[in-house]
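Mapping of the sequence shown onto numbering that gives the first Met the number 0: residues 0 to 287, in sequence order.
The C-beta atom is built at its ideal place from N, Cα and C for all residues, glycine as well.
All figures in this text were calculated on a predicted structure; none of them were measured in a lab.
Data block below; observations after.
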Amino acid sequence: MSQKVSAKQTFSLILNSIFTLFKNPQILYPFGILAFIQLLIMEVLFFAPRNPLSFIFKPIITRLKGEAYLHYPLNFDLMNHWFQSLQVVIFLFITSYLMGKAILMIASVNQDKPIGDKMPALGLRKYLGIVLAFFFFFLLIHGLTSIYGLLIHRAVQIRSTSGIYFYIKQAVLVGAPYFNLLFSIMVTALFAYVVPVIVLEAKNVFIAIGKNFQILWLNLLPTFGVVFLTSMIYVPILLIRSNEKSLSVLFTPETWQLTVIAGIFILLFIEAMQYTAITTCYLLTKDE
């Protein structure tokens, strides 16, 4: 198809991405591998205070957090804290690699080429380019969240217990997880086509960023629409996780951990839809 993707096709892109994923489940291989790696890391961290892993981790945990974190229920807090800390490394070096593979598979499906049982080769040059792009995305999101952190610091200093300033304070504090999601949506949408250009055209990251804006200009509304609407699926998880204190009386640490695991799978499905829709949109625009 050689027509430019219009804003009215946003829902069509999302529905087409879901249909493509179910019709070609091989595309989910990279996302499945990423889910496996995430769960494996979580399991290692869960057993860190126990033998035989405690031989390595017990001195570290005792020194950094205290002996109480070797035991229930604080061991779950430790596991989740370390798991979140490792997300940056996973994002930069593992997610980047697997998403590059996924884009190659999505492009093959759109071009009616057989995928096969194995994931396509990515190549070192492309991989390094994707890592650099992901590092750039991380810096942008980290910068935006850091600026919002300054706003939170200022809001905490507001002593009003009623009136407009009190409501501003509450909005800033309660809205933090949702603003962070919004920052992620903005960065993802603004640079949606950088990785497809690197993977499918073998361009360096700087040329890819320039070409990204050319493609984005033609598909601004559908791109933001796809990223925004699919990201909204994660809002229920944010609602649960941002109300941890109030829900702690209802959730045991084990039950709470299930919400973390569910969040992993939901987030990966969102990314699968986004990468499929964005790659499809890129290929349609390129054909034009």
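- Here I146 has no same chain residue with a Cβ atom under 7 Å from its own Cβ, once five neighbours each way along the sequence are excluded.
- In this structure, DSSP gives S16 a helical state, which the three-state scheme calls helix.
- Cα atoms of Q37 and S161: separation of roughly 43 Å, rounded to the nearest angstrom.
- If the five residues before and after A34 are omitted, its C-beta is found closer than 8 Å to the C-beta atoms of I263, F264 and L267, all from its own chain and listed in chain order.
- Per DSSP, reduced to three states, the secondary structure at L180 is helical.
- Taking C-beta atoms under 8 Å as the contact rule, L127 and G99 fail to qualify, at a distance of about 11 Å.
- Note that the C-beta distance between L91 and V130 is below 8 Å.
- When Cβ pairs closer than 8 Å are counted between the two stretches, the stretch 185-203 is seen to touch the stretch 269-281, the count reaching three or more.
- If you draw a 10 Å sphere on the C-beta of L189, you find 16 or more other C-beta atoms in it, and that means buried.
- At a cut-off of 4 residues, the continuous stretches assigned as alpha helix (DSSP H) that sit fully inside the stretch 210-260 are 219-230, 234-240 and 243-246.
- The DSSP assignment places complete alpha helix (DSSP H) segments of no fewer than 4 residues inside the stretch 89-133 at 95-109, in order along the chain.
- Measuring C-alpha to C-alpha distances from L181 to each of F223, I214 and Y164 identifies F223 as the nearest.
- As the crow flies, the alpha-carbon of M78 is around 38 Å from that of P221.
- The continuous alpha helix (DSSP H) containing Y28 extends over residues Y28 to F45.
- Counting C-beta atoms within 10 angstroms of its own C-beta, L39 has fewer than 16 neighbours from the protein chains shown and is therefore classed as exposed.
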